[in-house]
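Numbering (my numbering), first residue to last: -11 to 538. Yeah, the Cβ is synthetic: ideal placement off N, Cα and C, and Gly gets one too. For reference, the structure is listed below as structure tokens.
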């Protein structure tokens, strides 16, 4: 298969990038009063402004040409139709089928998977209602008051991010907790204040063999049984979301309480499935459906809109432009809404686990930069932590600023202060301030010439730092669904353009496989001499110090 660097559109962008590096965004705004109109898209639940990027209409024409030459539209249709585009694992990629709200038939291997999805949704609806209304009882006849979701990666980050984002929509009839870390501290702290008679555990693991998840699941099981003195209590307090029903049943879970997972849904795209059961339990099933509705709106937009008006396509092209052609090595996700405090971590996994690769579809080494490292934090907190780096470092970090027009918890005067910072930061990152402006400002303040000469260079901000602004109407299940789907499709398009297999994660497996072997050695006290000297000595030191009772 032809490497992307041989495409005419790619070569044109390489040359164009050299020209654009000589430009400054502030000048582009001066020469084009219609710049915002040209480089913004209004969606049903949000506005995307990408005008504060180092680009011109010519840049966008060249980027769209690249998307066309990479057959983005063809690959998009392949994904939605269920072709096995996850080529390394020979699987379809159909997380969109989980939010197929018009319920049109989707045939995969001769079966209408829409029917399977609807059956699972109905099962989730019934189950969540029974728990929330108190019909489901624990082993002692008491109602469930607390839900503990045990999973890791996509089985944890997605549901937790959404329940945190939509906390204001919960009626607090249940307390939902999350355990993902195999460090025993986390599960101990979660379980300590809880009464085993009132707790429901959700074990979310496609294989029901994931070491971290099953270690925590077994600890939770022992905790329950030690209270009830009866293994049969497990049936009243554990449900599973898994494709491995055999293992779940052997664990003690009633087959009726096992929710399906399918191999055509990747973990980091699975919150729309029964992995999202904690969301339905916390918010109510109707709010879970609103979440799906919001995602479906973006699915329709992605399928129907032309490339130059297609928000996920634009976001993907901008990422490729800033990283691969302009040389940015990381990207910041900066939400200006307390509800979105977990969004950066969620998108970090979604993008970096998907596109953090260095070989092409054919297994050839890729000669260009691919996905940037993703990081970030709540905007106001970041302003007092790392924005110094964003404004004045030699490293240019493109950033997505995400805010909302109305707060879900309005407190007089607060939202205006928050959003003033939101708008000011993107403007400051774009414009900067040159030394002449700094000197004039200091002189106007009556500073001496010596002081001005000393301080002026330190106050220079070069600007020209690219940002996207996503302005949502208000945080709600629907807008959160749309926001997540927007980024999911961005990641997909990114992978197609970069010629990367976005839906496997072999890099995760290597360390986990080695950990399993080392765990056996640590338990047996028999360290393999074939380890490198660093690993061997670290393990030896660990065991020696552990054995002397520190």
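(message) Between the alpha carbons of residue 242 and residue 221, how many angstroms are there, rounded?
(response) Numbered from its first residue, the chain shown carries residue 242 at position 254. Numbered from its first residue, the chain shown carries residue 221 at position 233. Cα to Cα, the separation comes out at about 11 Å.
(message) Among 239, 245, 280 and 1, whose alpha-carbon lies nearest the alpha-carbon of residue 202?
(response) Position 214 of the chain shown, counted from the first residue, corresponds to residue 202. If we check each option's Cα against that of residue 202, 239 comes out closest.
(message) Please report the distance separating the alpha-carbon of residue 133 from that of residue 107.
(response) For this step, residue 133 is matched to residue 145 along the chain shown. For this step, residue 107 is matched to residue 119 along the chain shown. Their Cα atoms are separated by approximately 26 Å.
(message) Let's see if you can read the secondary structure: which residues bound the alpha helix (DSSP H) around residue 203?
(response) Sequence index remark: in the chain shown, residue 203 carries index 215 (1-based). Counting along the chain, the alpha helix (DSSP H) containing residue 203 begins and ends at 199 to 216.
(message) Quick check: residue 261 and residue 86, are their CB atoms within less than 8 Å of each other?
(response) Numbered from 1 along the chain shown, position 273 holds the residue referred to as residue 261. Numbered from 1 along the chain shown, position 98 holds the residue referred to as residue 86. Cβ atoms of residue 261 and residue 86: closer than 8 Å.
(message) Is it the case that the region 349 to 356 contacts the region 415 to 424, given that we only count it when at least three CB pairs across the two stretches are under 8 Å?
(response) no
(message) Can you tell me where the alpha helix (DSSP H) holding residue 391 begins and where it ends?
(response) For the purposes of this step, residue 391 is identified with residue 403 of the chain shown, where counting begins at 1. Premise fails: residue 391 lies in the beta strand (DSSP E), 387 to 394, not in any alpha helix (DSSP H).
(message) Can you tell me which residues form a DSSP beta bridge with residue 165?
(response) In the chain shown, residue 165 corresponds to position 177, counting from 1. Residue 165 is bridged to 136.
(message) Using a Cβ distance threshold of 8 Å, determine whether the region 48 to 56 contacts the region 453 to 462, with at least three qualifying pairs required.
(response) Taking 8 Å as the limit for Cβ pairs, the verdict is that the region 453 to 462 does not touch the region 48 to 56.
(message) What residue range does the beta strand (DSSP E) around residue 459 cover?
(response) What you label residue 459 is simply residue 471 of the chain shown in a count that begins at 1. Counting along the chain, the beta strand (DSSP E) containing residue 459 begins and ends at 455 to 462.
(request) Given a cut-off of 8 Å, decide if residue 381 and residue 273 are closer than it, judged by their beta-carbon atoms. (result) To locate residue 273, count along the chain shown from 1; it is residue 285. To locate residue 381, count along the chain shown from 1; it is residue 393. Contact flag unset, no.
(request) Using only alpha-carbon positions, find the residue among 424, 278 and 518 that is nearest to residue 445. (result) Working through the chain shown from its first residue, we reach residue 445 at position 457. Of 424, 278 and 518, the residue nearest in Cα terms is 424.
(message) One question on the structure: do residue 407 and residue 148 come within less than 8 Å of each other, judged by their Cβ atoms?
(response) Counting from 1 along the chain shown, the entry for residue 407 is found at position 419. Counting from 1 along the chain shown, the entry for residue 148 is found at position 160. Not closer than 8 Å, so no.
(request) Could you give the DSSP three-state label for residue 35: helix, strand or coil? (result) Residue mapping note: residue 35 aligns to position 47 of the chain shown, counting from 1. The three-state secondary structure of residue 35, taken from DSSP, is strand.
(request) Please work out which residues of its chain come closer than 8 Å, Cβ to Cβ, to residue 527, disregarding the five sequence neighbours upstream and downstream, and give them in chain order. (result) Residue 527 sits at position 539 when you count from the first residue of the chain shown. These residues qualify, in order along the chain: 506, 509, 510, 515 and 519.
(message) Let me make sure I understand the geometry here. Which of 529, 105 and 40 has the alpha-carbon closest to that of residue 416?
(response) Counting from one through the chain shown, the residue named residue 416 turns up at place 428. Of all alpha-carbon atoms in 529, 105 and 40, the one lying nearest the alpha-carbon of residue 416 is that of 40.
(message) Run through the DSSP bridge pairs and tell me what residue 187 is partnered with.
(response) The sequence position of residue 187 within the chain shown is 199, counting from 1. Answer is 134, bridged to residue 187.
(request) Please report how far the alpha carbon of residue 228 lies from the alpha carbon of residue 190, in whole angstroms. (result) The count along the chain shown starts at 1 and reaches residue 228 at position 240. The count along the chain shown starts at 1 and reaches residue 190 at position 202. Those two C-alpha atoms are separated by around 6 Å.
(request) Have a look at 341, 467 and 187 and flag the residue whose alpha-carbon is nearest the alpha-carbon of residue 396. (result) The residue you call residue 396 lines up with position 408 of the chain shown. Out of 341, 467 and 187, 467 has the C-alpha closest to the C-alpha of residue 396.
(request) Using beta-carbon positions only, say whether residue 362 and residue 335 come within less than 8 Å of one another. (result) Sequence index remark: in the chain shown, residue 362 carries index 374 (1-based). Sequence index remark: in the chain shown, residue 335 carries index 347 (1-based). A contact, by the Cβ cut-off of 8 Å.
(request) Leaving aside the five residues before and after residue 266 along the sequence, list all residues of the same chain whose C-beta is less than 7 Å from its C-beta, in chain order. (result) Start at 1 with the first residue of the chain shown, and residue 266 comes out as number 278. Cβ within range, chain order: 135, 137, 147, 151, 164 and 190.
(request) Leaving out five residues on either side along the sequence, give the residues of the same chain with a beta carbon under 7 Å from the beta carbon of residue 84. (result) Looking up residue 84 in the chain shown gives position 96. If we look at residue 84 and ignore the five residues flanking it on each side, its Cβ neighbours are 68 and 287.
(request) Please say whether residue 504 and residue 199 have beta carbons closer to each other than 8 Å? (result) Position 211 of the chain shown, counting from 1, holds the residue named residue 199. Position 516 of the chain shown, counting from 1, holds the residue named residue 504. Going by C-beta atoms, residue 199 is nearer than 8 Å to residue 504.
(message) Given this structure, state the Cα-to-Cα distance separating residue 290 from residue 95, to the nearest angstrom.
(response) Indexing the chain shown from 1 puts residue 290 at position 302. Indexing the chain shown from 1 puts residue 95 at position 107. Computed Cα separation, rounded: 20 Å.
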